[in-house]
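Please read the structure below before turning to the comments.
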Amino acid sequence: MQTLSLTTPDDFHLHVRDHEALPYTVAATARCFARALIMPNLMPPVTRLEHALAYRERILSACPSGAAFTPLMSLYLTDHTPVEEIDRAVDSGQIHALKLYPSGATTHSDAGVTHLDRVMPVLERMAIRQLPLLIHGEVTDPDVDIFDREAVFIDKVLAPLRQRLPELPIVLEHITTRQAVEFIREQTGRVAATLTAHHLQFDRNAMLVGGVRPHYYCLPVLKRKEHRLALLQAATSGDPRFFLGTDSAPHAQSAKESACGCAGSYTAPTALERYAQIFDEQGALARLEGFASHFGADFYRLPRSTTQVTLVRSPWTVPASLPYPGGAIIPLGAGSTLTWKLAHD
Ligand code: DOR
Ligand code: ZN
63 MQTLSLTTPD DFHLHVRDHE ALPYTVAATA RCFARALIMP NLMPPVTRLE
113 HALAYRERIL SACPSGAAFT PLMSLYLTDH TPVEEIDRAV DSGQIHALKL
163 YPSGATTHSD AGVTHLDRVM PVLERMAIRQ LPLLIHGEVT DPDVDIFDRE
213 AVFIDKVLAP LRQRLPELPI VLEHITTRQA VEFIREQTGR VAATLTAHHL
263 QFDRNAMLVG GVRPHYYCLP VLKRKEHRLA LLQAATSGDP RFFLGTDSAP
313 HAQSAKESAC GCAGSYTAPT ALERYAQIFD EQGALARLEG FASHFGADFY
363 RLPRSTTQVT LVRSPWTVPA SLPYPGGAII PLGAGSTLTW KLAHD
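See the structure below:
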């Protein structure tokens, strides 16, 4: 197959940052995605409906003219989120989820949840209103090895939460382990997981063999190959509980290439092309459209997109660097070759 047309996909997990970063980050996604679920981990975090609506306007203002792109907004759950905020969020029709960051788990998570007991009334209201909870699924216990934090979270936090509140819609975000795949498969009801292109394509060797490669450092951290193979199987299986979320997480080059570099890989400029390559390599191109364009919209009870994008098999080189506030940003895989290219680029 030399060309591939599919329903314009949606990215159900995206960081675009704010203000002067937006023209760059929004354009990188709007070139090929119809919608993206925008993560709320700004500084300060997007905790209230009004913050999200104002942020949405800033994103739309930064959208390249002519691009048909819709940002889908989420709120950042804290220990202090009022129960009434759930009703305001749902009634606005503009908020599609709340994001749970365990406090201290990742970039800008300090305001996150310290213990689930503190947010149970909010989660109960979300279950009643069927507003999805998006979970960064890692424990923060300093005694737990960073490579085990997702699996321990599933055992110690997520499984008990499912028991306690089985009606709460949940998306376990950017899963990285066989245990996460197995957990999702065992569930009934409105539970799903997003999969990034980088966790499908790379294991921890990409980050650590031959030198430390900071652009591959993200959270949850890349795992060993056996986990990646389980993710690949899930993504290409046609199971609608697994769908696309890039977790594209831009940080300026200087913030990544540092003695204490930030977590996050900037994949938006190459994400759809990467997913196409991954599915192609698995002999599963026919299943890309479900994963990228149907299953996420169905989970969120949104209409599927009605437009199409076309990819062509035409090797191209990922730019070494891209413009970004504060200097430059290095896209993941800078200088490497990708097989699929957007037809209109
Ligand atoms: O690698 C990551 N980067 N993981 C996250 O959970 C947050 C993200 C960011 O915002 O930079
Ligand atoms: Zn993220």
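Residues 63 to 407 in this note's numbering are what the sequence shown lists, from first letter to last.
Beta carbons: idealized from backbone N, C-alpha and C, even for Gly.
Asked, Found
"When the Cβ atoms of the segment 372-387 are set against those of the segment 305-317, are three or more pairs found closer than 8 Å?", "yes"
"Apply the 10 Å Cβ neighbour rule to E235 and answer buried if 16 or more other Cβ atoms are within range, or exposed otherwise.", "buried"
"Mind checking whether the beta-carbon of D265 lies closer than 7 Å to any heavy atom of ligand 2?", "no"
"How many angstroms separate the CA atom of A242 from the CA atom of K161?", "18 Å"
"Mind checking whether V152 and L193 have CB atoms under 8 Å apart?", "yes"
"Since A292 and R240 should fall inside the 8 Å C-beta cutoff, what is the C-beta to C-beta distance between them, to a whole number of angstroms?", "4 Å"
"Starting from the Cα of G174, find the closest Cα among E200, G155, I190 and Y86 and give me that residue.", "E200"
"With Q370 and L68 assumed to form a contact (beta carbons below 8 Å), what rounded beta-carbon distance in angstroms separates them?", "7 Å"
"Pull up the distance between the alpha-carbon of M188 and that of R150, whole angstroms please.", "11 Å"
"Given K285, which residues of its chain have a CB within under 7 Å of its CB, disregarding the five upstream and five downstream residues?", "F209, T238, T239, D265 and R266"
"Give me the Cβ distance between L220 and I197, rounded to the nearest whole Å; I'm assuming they're in contact under 8 Å.", "7 Å"
"In the DSSP assignment, find the alpha helix (DSSP H) that holds G300 and state where it starts and stops.", "Counting along the chain, G300 falls outside any alpha helix (DSSP H), and DSSP gives it neither H nor E."
"In three-state DSSP terms, what is Q156?", "coil"
"For the alpha helix (DSSP H) that contains D360, what are its first and last residues?", "F357 to F361"
"Cutting at 6 Å between CB atoms, please list the residues of its own chain near A229, excluding the five before and the five after it.", "Contrary to the premise, residue 229 reads as Glu rather than Ala in this sequence. The answer, listed in chain order, is A189."
"Which partner residues does I391 have in the DSSP bridge list?", "L384"
"What residue from T372, L373, A382 and A354 has the CA that sits closest to R97's CA?", "A354"
"Any heavy atom of ligand 1 closer than 7 Å to the CB of A325?", "yes"
"To test your reading of the DSSP string, which unbroken beta strand (DSSP E) runs of 3 or more residues are found completely within the segment 164-201?", "195-197"
"Measuring straight from C-alpha to C-alpha, what distance separates P85 and T308?", "18 Å"
"Under the three-state reduction of DSSP, which class applies to S123: helix, strand or coil?", "helix"
"Excluding the 5 residues flanking K403 on each side, which residues of the same chain have their C-beta closer than 6 Å to its C-beta?", "V374, S376 and W378"
"Taking 8 Å as the threshold (C-beta atoms), are R252 and P231 in contact?", "yes"
"Leaving out five residues on either side along the sequence, give the residues of the same chain with a beta carbon under 6 Å from the beta carbon of T132.", "R97"
"Measuring straight from C-alpha to C-alpha, what distance separates L394 and T372?", "22 Å"
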